[in-house]
């Protein structure tokens, strides 16, 4: 395989795994979510506005709690940018989030926006999530000069 | 060098460069700040609450603006955790920030807290910053059960 097509394949694989991460969240599929993470005590997860969590046990517990409390969530990812640096890949994306809770009236949804940095590590068979850092967007900076 | 002492050296070097990043910000030293970043179009900088910036030109411009508008800033880093994965290292830390602006009365400071993920890449002579993602802390989650 040429270097260029290897890179193209890496980028496509990483974007796919990144999509699977959000799909697992949407389905409330804790097994799939756990599978996506690297099995390493140094994995890192920062939910929007929250303190960092480290390691599979803490991170899995946080997803179980979130999934139990969010009956409906849907992500529309925009501005997805993937970079591969040898065996580590970073994805940044804007998470446009649509949620409904038990308290929400039917047909009523809440929208929110966050920015995420997801760092994946290449393993033997696929890419695994090493770092997820999501943060609320407060100010919008335009940088299009 | 044994594998263990190589890792210890890597961890120490990364923590040092991470400290230099904040020191450059505190001194308002744009040259030092620019030097710390990897020279790559895919570098990524997310200031607290802001949209992602990519590449040296955008990132340097943002630091120039921030430095011009913040006459005094001091960082007290806590909960610094460094992880090395081959040629990529991640640092998470809590940025306890003390700032003063032109408008602030003398001897009056504002405190703030953010969580940062900094990802560094090993280069020939040192580690360079690839990703800086800082986000405001809104809720405090205790996870000490």
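Protein chains in written order, with my numbering: chain A, 21 to 165; chain B, 21 to 165. Backbone N, C-alpha and C define an ideal beta-carbon position, used for all residues, glycine too. As the structure is a prediction and not an experimental result, all values here were calculated from the model.
Quick check on DSSP: helix, strand or coil for residue 86 (chain A)? helix
Any C-beta of chain A under 9 Å from that of residue 31 (chain B): Not an interface residue.
Neighbour-count burial assignment, residue 99 (chain B), 16 or more Cβ in a 10 Å radius: exposed
Could you tell me if residue 163 (chain B) is buried or exposed, where buried requires 16 or more neighbouring beta carbons within 10 angstroms of its beta carbon? Because the pLDDT at residue 163 (chain B) is just 48, under 50, the model does not fix this residue reliably, and the point stays unresolved.
Rounded to the nearest angstrom, what separates residue 119 (chain A) and residue 84 (chain B) at their Cα positions? 38 Å
In angstroms with no decimal places, state the Cα-to-Cα distance between residue 165 (chain A) and residue 77 (chain B). The pLDDT assigned to residue 165 (chain A) is 41, lower than 50, so where the model puts this residue is not dependable, and the model offers no usable value.
Bridge partner(s) assigned by DSSP for residue 153 (chain B): B:66 and B:137
Between which two residues does the alpha helix (DSSP H) harbouring residue 41 (chain B) extend? 23-47
State yes or no: is the C-beta of residue 103 (chain A) within less than 9 Å of the C-beta of residue 64 (chain B)? Against a cut-off of 9 Å, the Cβ pair of residue 64 (chain B) and residue 103 (chain A) comes out as a contact.
Which of helix, strand or coil does DSSP assign to residue 103 (chain B)? strand
So, with DSSP's three-state summary, where would you put residue 148 (chain A)? Here residue 148 (chain A) carries a strand assignment [DSSP, helix/strand/coil].
Smallest Cα separation from residue 89 (chain B): which of B:60, B:47, B:151 and B:66? Relative to residue 89 (chain B), the option among B:60, B:47, B:151 and B:66 whose CA is nearest is B:47.
Does DSSP classify residue 158 (chain A) as helix, strand or coil? coil
Exposed or buried, what is residue 96 (chain A) when buried is set at 16 or more other beta-carbons lying within 10 Å of its beta-carbon? Counting every other CB atom within 10 Å of its CB across the protein chains shown gives residue 96 (chain A) a total below 16, marking it as exposed.
Could you spell out the range, first to last residue, of the alpha helix (DSSP H) harbouring residue 143 (chain B)? Segment: none, residue 143 (chain B) is in no alpha helix (DSSP H) and carries neither H nor E.
Determine whether the Cβ of residue 99 (chain A) lies closer than 9 Å to any Cβ atom of chain B. yes
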